[in-house]
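Trainee: Could you have a look at this structure, given as structure tokens, before my questions?
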Amino acid sequence: MPLAIMHRVDNGDNGNVQVGAKVRFDAGWDRGTIDYYQDNSATVGINYSGYGTIWYDSDFAYNM
427 MPLAIMHRVD NGDNGNVQVG AKVRFDAGWD RGTIDYYQDN SATVGINYSG YGTIWYDSDF
487 AYNM
């Protein structure tokens, strides 16, 4: 995920993001339309202009 469009919410250093860090999308980057769907893996892709496609687990998102 492109860290340029996110920020840490656990008071950590944005320049040192490791496994377990808690991040949130910056305002304006926190929504999108589904641009791609892979039925065999139940994932959806959202294309973020300038940053490419980020894939999400659609089952997880649906059950939130």
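Read in order, the letters of the sequence shown are residues 427 to 490 in the working numbering. A virtual CB, placed ideally from N, CA and C, is assigned to each residue, including glycine.
1) Mark residue 470 as exposed unless 16 or more other C-beta atoms lie within 10 angstroms of its C-beta, in which case mark it buried.
2) Shortest alpha-carbon distance to residue 468 belongs to which of 487, 478, 440 and 454?
3) To the nearest angstrom, how far is it from the Cα of residue 434 to the Cα of residue 447?
4) From which residue to which residue does the beta strand (DSSP E) around residue 477 run?
5) Just verifying my parser: in three-state terms, what is the DSSP assignment at residue 431?
Mentor: In terms of the structure at hand:
1) buried
2) 487
3) 7 Å
4) It is not in any beta strand (DSSP E) - residue 477 carries neither H nor E in the DSSP assignment.
5) helix
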